[in-house]
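**Q** Before we start, here is the structure in question, set down as structure tokens.
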Amino acid sequence: MQASLATALLHYCPLCWAMHSELTFPYPEMPAAQAIVSNGMVFSTHCAGSGLPVLLLHGFPELAYSWRHQIQPLVDAGCQVIVPDLRGYGHTGLHGSLSDYRMHNLACDVVGLLDALGIAQCVVIGHDFGGALAWTLARDHAKRFLGVVALNTPYTRRTEDHLIDTLRKYRGESNYMVYFQKPGQGEALLEANVYATFAGMMCRPNALMRDFSQAPEALQSLPASLLGQDKRIQGVSFLTEQELSVYVKTYEKTGFTGGLNWYRNLARNWQDTQGVADRVELPALMVCAEHDIFLPPATAEGIERYVPLIQRALIRDCGHWTQQERPEEVNALIITWLRERLWL
């Protein structure tokens, strides 16, 4: 079958799309997925509404589904919302070699999506690793974006040493980002019991997480065991059983390798940014969460030096999974900022 014909069938035929994806079930509470071809592969992308284009980029270990609480409020506010499963995740799935997951190529994935959808400019909003991708797009492809919103993830300048060397030196081999570098190691931990991984990870802050600075030093190093396996940090899950089942069913099918490959390119990302200007000139909103132990608000200190048009906000009594834990507050912040800064 010729590539152009295959692309057309994937885009217009739900059955063909179901056959393309390893997953056979749609995400609930989401607009129907479209198959969009970008950068040599097919992306499962949810689109809704009309008006100001807004692109939502999820983190790890998340999915397009992680933005389910934001789509309709943004549509109601007058936005065209675009929500892909990013490379390595969900219905988009695992594609390419390890180096294809470096940030430069992930940005090309997103720009190609905009091209395929005929969108000249949009607002980009990202959470967690999706936030890092959003900052990369705002810096390296600024003409394609009207503004950038980052949930939890600050813009960080290029340092003398790459992040993994620094973490290995100061936090040791057990730190989750260091631990994930070895192929198969993160997969074995997270896939041993996918239900326990998500039930333990996607929780509201408990007492220890609220005062993480007082936690034992072994926990403050952020060992990989924190990700769903450490009973000491588990609060009450903010997911319903139905929501939890979406993550569990998806990751039991796809595994975690795609998302872990993003971590395994941190050294390549550092190499790729040599000589790149450390500055984002677009209007920006930085939303921090008070009790995020992975990206605490302190990590955003000094961001104004690199993002001069930044506006900052803090969501109280919230952990790392901000748009899922506190959707109403997140939606209000984003929509207010869009109206005040971009005249939505």
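Each residue of the sequence shown is one higher than the last, beginning at 1 in full-length UniProt numbering. Ideal Cβ positions, reconstructed from N, Cα and C, are used throughout, including at glycine. As the structure is a computational prediction, the values presented were derived from the model and not from experiment.
#1: The alpha helix (DSSP H) that contains methionine 103, what's its start and end?
#2: With burial defined as no fewer than 16 other Cβ atoms inside 10 Å of the residue's Cβ, what is the status of glutamine 271: buried or exposed?
#3: Looking at the secondary structure, which residues open and close the alpha helix (DSSP H) in which isoleucine 82 lies?
#4: Should valine 54 and leucine 86 be called a contact, given that it needs their Cβ atoms to be closer than 7 Å?
#5: Taking just the CA atoms, how far does methionine 209 sit from leucine 106?
#6: Alpha carbons only, please: which of Asn265, Ala298, Pro283, Leu282 is nearest the one belonging to serine 99?
#7: Hey, valine 111 and histidine 91 are a contact pair by Cβ (cut 8 Å); roughly how many whole angstroms apart?
#8: Measuring CB atoms only, is the segment 116-135 touching the segment 48-67, in the sense that at least three cross pairs come out at less than 8 Å?
#9: Might you give, ordered along the chain, the residues of its own chain that have their beta carbon closer than 8 Å to the beta carbon of cysteine 47, omitting 5 neighbours on each side?
#10: On the three-pair Cβ rule with 8 Å, is the segment 183-198 touching the segment 249-263?
#11: Determine the extent of the beta strand (DSSP E) in which residue 347 is found, giving its start and end residues.
#12: Would you please state the rounded distance, in angstroms, between the beta carbons of leucine 146 and leucine 342? I believe it to be under 8 Å.
#13: With DSSP collapsed to three states, give me the class of alanine 313.
#14: Buried or exposed: where does glycine 184 fall if 16 or more other Cβ atoms within 10 Å of its Cβ makes it buried?
#15: Just the Cα atoms here: how many angstroms apart are alanine 332 and arginine 339?
#16: By alpha-carbon positions, which one of Leu94, His104, Thr45 ends up nearest to threonine 273?
#17: Along the beta strand (DSSP E) that carries alanine 33, what are the first and last residues, could you check?
#18: Please classify residue 366: is it buried, with 16 or more other beta-carbons within 10 angstroms of its beta-carbon, or exposed?
#19: Report all residues from its chain with a CB closer than 6 Å to the CB of leucine 260; omit the five preceding and five following residues, and keep chain order.
#20: Compute the Euclidean distance between the alpha carbons of threonine 153 and glutamate 325, then round it to the nearest angstrom.
#21: Report all residues from its chain with a CB closer than 7 Å to the CB of phenylalanine 129; omit the five preceding and five following residues, and keep chain order.
#22: What's the C-alpha gap between proline 28 and arginine 68?
#23: CA-CA distance, proline 308 and alanine 300?
#24: With respect to the beta strand (DSSP E) encompassing methionine 286, which residues constitute its N-terminal and C-terminal limits?
#25: Rounded to the nearest angstrom, what separates isoleucine 71 and serine 38 at their Cα positions?
#26: In whole angstroms, what separates the C-alpha of proline 14 from that of aspartate 211?
#27: Leaving out five residues before and five after threonine 322 in sequence, what residues of the same chain have Cβ atoms less than 8 Å from its Cβ?
#28: Once you ignore the five residues that flank glycine 78 on each side, which residues in its own chain have a CB closer than 7 Å to its CB?
**A** In brief:
#1: Annotation for methionine 103: the continuous alpha helix (DSSP H) segment containing it runs 103-117.
#2: exposed
#3: Segment 79-84 is the beta strand (DSSP E) holding isoleucine 82; no alpha helix (DSSP H) there.
#4: no
#5: 32 Å
#6: Asn265
#7: Rounded, the Cβ-Cβ distance is 20 Å, inconsistent with contact.
#8: yes
#9: Pro31, Gln34, Gln80, Val81, Ile82, Val83, Leu117
#10: yes
#11: Not covered by the structure: residue 347. The range shown for the chain is 1 to 344.
#12: 6 Å
#13: strand
#14: exposed
#15: C-alpha separation (whole angstroms): 11 Å.
#16: His104
#17: Start and end: 33-38.
#18: Here the chain comprises residues numbered 1 to 344, so residue 366 is not present and cannot be evaluated.
#19: Phe180, Gly186
#20: 16 Å
#21: Apart from the 5 residues on each side of it in sequence, phenylalanine 129 sits with its Cβ closer than 7 Å to the Cβ of Gly59, Phe60, Trp262 in its chain, given in chain order.
#22: A direct Cα-Cα distance of roughly 9 Å separates proline 28 from arginine 68.
#23: 13 Å
#24: 284-289
#25: In a straight line, the C-alpha of isoleucine 71 is about 22 Å away from that of serine 38.
#26: Because the pLDDT at proline 14 is just 42, under 50, the model does not fix this residue reliably, and the value given afterwards should be weighed accordingly. Cα to Cα, proline 14 sits roughly 48 Å from aspartate 211.
#27: Take threonine 322, set aside five residues on each side of it, and the residues of its chain with a beta-carbon closer than 8 Å to its own are His127, Leu151, Asn152, Val287, Ala289, Asp292, Ile315, Val330, in chain order.
#28: Gly51, Leu52, Leu344
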